[in-house]
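Using numbering that gives the first Met the number 0, read the sequence shown as starting at 0 and increasing by one per residue. No residue lacks a Cβ here, since even glycine has one placed at the ideal position from N, Cα and C. Below: one structure, written as structure tokens.
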Amino acid sequence: MHSFKKFELSNGLRVIHLEDKSRTTIVLNTLYNVGARDESPNRTGFAHLFEHLMFSGSANVPCFDKEVEEAGGQNNAFTTNEITNYHLVIPRENIETAFWLESDRMKSLNMNEKSLSVQRGVVVEEFKQRCFNAPFGFLWHHIRKLVYTNSPYRWPTIGEAIEHVETANLDEVQAFYNQFYAPQNAVVSIVGNISLRQTKLLCEKWFGDIKKLAPANQNNYIQEEKIHSRRFFESIDPSPNPAVFLVWKGPVFLDPTSIYLELFADMLGGSDVSPLQIELVKNKQLLNAAECFYLRGLGEGLFILYGIMNEGVTHLTCEKALLDVCKSLFLPSSKLKKSLQGVVNRQLSNLLFEAVQPMQLAQKLCYYENAGNLEGINKEVSQLENTDITHILKAASATLTDDSVSVIYYHPQKNDRL
Numbered sequence: 000m001h002s003f004k005k006f007e008l009s010n011g012l013r014v015i016h017l018e019d020k021s022r023t024t025i026v027l028n029t030l031y032n033v034g035a036r037d038e039s040p041n042r043t044g045f046a047h048l049f050e051h052l053m054f055s056g057s058a059n060v061p062c063f064d065k066e067v068e069e070a071g072g073q074n075n076a077f078t079t080n081e082i083t084n085y086h087l088v089i090p091r092e093n094i095e096t097a098f099w100l101e102s103d104r105m106k107s108l109n110m111n112e113k114s115l116s117v118q119r120g121v122v123v124e125e126f127k128q129r130c131f132n133a134p135f136g137f138l139w140h141h142i143r144k145l146v147y148t149n150s151p152y153r154w155p156t157i158g159e160a161i162e163h164v165e166t167a168n169l170d171e172v173q174a175f176y177n178q179f180y181a182p183q184n185a186v187v188s189i190v191g192n193i194s195l196r197q198t199k200l201l202c203e204k205w206f207g208d209i210k211k212l213a214p215a216n217q218n219n220y221i222q223e224e225k226i227h228s229r230r231f232f233e234s235i236d237p238s239p240n241p242a243v244f245l246v247w248k249g250p251v252f253l254d255p256t257s258i259y260l261e262l263f264a265d266m267l268g269g270s271d272v273s274p275l276q277i278e279l280v281k282n283k284q285l286l287n288a289a290e291c292f293y294l295r296g297l298g299e300g301l302f303i304l305y306g307i308m309n310e311g312v313t314h315l316t317c318e319k320a321l322l323d324v325c326k327s328l329f330l331p332s333s334k335l336k337k338s339l340q341g342v343v344n345r346q347l348s349n350l351l352f353e354a355v356q357p358m359q360l361a362q363k364l365c366y367y368e369n370a371g372n373l374e375g376i377n378k379e380v381s382q383l384e385n386t387d388i389t390h391i392l393k394a395a396s397a398t399l400t401d402d403s404v405s406v407i408y409y410h411p412q413k414n415d416r417l
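Now the structure itself:
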């Protein structure tokens, strides 16, 4: 159980404190309730662009990374379709530096034509490397556009089109910052050897005077109807092998069923002795790689199952083989129960590891609070321990149906279609 404390400043900033006297460093994690789903359809990639812009300096901090390094700290960030997260790990004696740095860029980010031009160039180059110059580079574009038709989840974090970031101007960027980068739209967690009293004092000192510039993000997004028929897309790609990707929409992060699908994915393809590996890679040798996972999110999750084919295998054969192995797990058996226990044990080990990793713990505290269920972090272990094989198979068979799947066939650019 994590003994955290939560309080809120008058400007709406939510703060979570977890004291750990055994640590010599402190983590200050800041989560902004903004991601790719909050972008305009003709200006995608902005949330990711801002992840980079936030390191361009602020009114009193010309070079963010330089100040962090001189204080003996380290920092990084990531963006998803739903959030943007920044973490800063710093020695205990320099913790006020972390508050100064994080608060300064929340209230006075250094945005000008020069900084925008530099970071815009970095993001455009990243788009080229990740999408144009990599095997399956547009996979997430294809998946999201196939699965979603109207929802703002229909484009990936990197952006739908490179031109959206290439042509971004300063006024648009400033408006995005004013709307989303504000205290009422953020959650801060502090984990380490620091008292609650000192945390409150530092939060008031450095964050307390930051004003609200806009209402908090209400997360009102278009809700799409369920998929009731198979969707299909084909792509020619510079990948070395043909491949098949199968995708199903699933429940949201806070729905208990989401953990069942995560466990089912682990049972199906999460190890070298899983059915996907044994049946399709080792025994039948239809595939040279196969994997599945459940991507949990604040919105609908995505269950993804894929296989990269060996020479001579058709896409139809691959698709059928993937589905057959998947469905073979729908019926309970003693073997499945044993497999589940192994998967649960791995998950419990991961939770124990996370519990002693301040950075991961700080991020999870912010994530659960932003999801609206901070106490949920203390229920993860019991939920796993009380999971029954029937729960998992019921969730899997209800979600992974033939009439709700989205299918992508990849054809290598260098080969004739099979």
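For residue i, the first and last residue of its enclosing alpha helix (DSSP H)
i	result
Asp19	Unbroken run through Asp19: none, as it is neither H nor E.
Val121	Glu112 to Phe126
Cys365	Pro357 to Ala370
Phe131	Where Phe131 is concerned, there is no enclosing alpha helix (DSSP H), given that its DSSP letter is neither H nor E.
Tyr176	Leu169 to Phe179
Val342	Ser333 to Ala354
Glu261	Pro255 to Gly268
His141	Leu138 to Val146
Thr400	Element bounds for Thr400: n/a, residue is neither H nor E.
With 16 other Cβ atoms within 10 Å as the buried cut-off, status of residue i
i	result
Ser9	exposed
Leu330	exposed
Met53	buried
Met105	buried
Thr156	buried
Glu69	exposed
Ala167	buried
Gly44	buried
Asp421	In this structure the chain extends from 0 to 417, so residue 421 is not present and cannot be described.
Thr198	buried
Cys325	buried
Pro182	buried
Leu351	exposed
Asp103	buried
Asp265	buried
Span of the beta strand (DSSP E), counted from its first residue to its last, around residue i
i	result
His314	Here His314 belongs to no beta strand (DSSP E); instead the alpha helix (DSSP H) covers His314 to Lys326.
Asp236	Arg230 to Asp236
Thr78	Gln73 to Thr78
Met308	Gly300 to Met308
Asn84	Thr83 to Pro90
Trp247	Ala242 to Gly249
Glu290	Leu286 to Leu294
Phe6	Lys4 to Glu7
Within 8 Å, strictly: CB atoms of residue i and residue j
i	j	result
Leu108	Arg230	no
Ala185	Thr78	no
Gly191	Val14	no
Thr386	Val355	no
Asn177	Leu201	no
Leu245	Tyr305	yes
Val121	His51	yes
Leu253	Asn372	yes
Ser257	Gly300	yes
Glu66	Leu87	no
Gln128	Pro255	no
Tyr31	Ile89	no
C-alpha distance - residue i paired with residue j, whole-angstrom precision
i	j	result
Met307	Leu267	Sequence inspection shows Ile at residue 307; the Met mentioned does not correspond to that position. Those two C-alpha atoms are separated by around 16 Å.
Gly72	Asn240	43 Å
Arg196	Ser188	14 Å
His314	Pro237	17 Å
Gln340	Pro357	27 Å
Glu7	Cys365	13 Å
Glu165	Tyr409	28 Å
Gly56	Glu95	18 Å
Gln118	Leu48	7 Å
Arg153	Tyr147	5 Å
Leu399	Asn369	29 Å
Thr389	Ala397	12 Å
Asn377	Asn84	21 Å
Ala160	Ile142	15 Å
Cys130	Pro40	19 Å
Leu297	Lys204	32 Å
Asn80	Pro214	20 Å
Phe63	Phe179	20 Å
Pro411	Lys4	53 Å
Pro61	His140	36 Å
Asn414	Ile235	At Asn414 the pLDDT is 46, less than 50, meaning the model places this residue with poor confidence and gives no usable figure here.
Asp19	Asn349	20 Å
Asn287	Ser21	46 Å
Contact test: residue i Cβ vs the ligand SAM heavy atom, cutoff 7 Å
i	result
Tyr293	As presented, the structure is devoid of all ligands, the ligand SAM included, so that no description of it is given.
**At least three beta-carbon pairs within less than 8 Å, the stretch 221-231 to the stretch 278-286** = no
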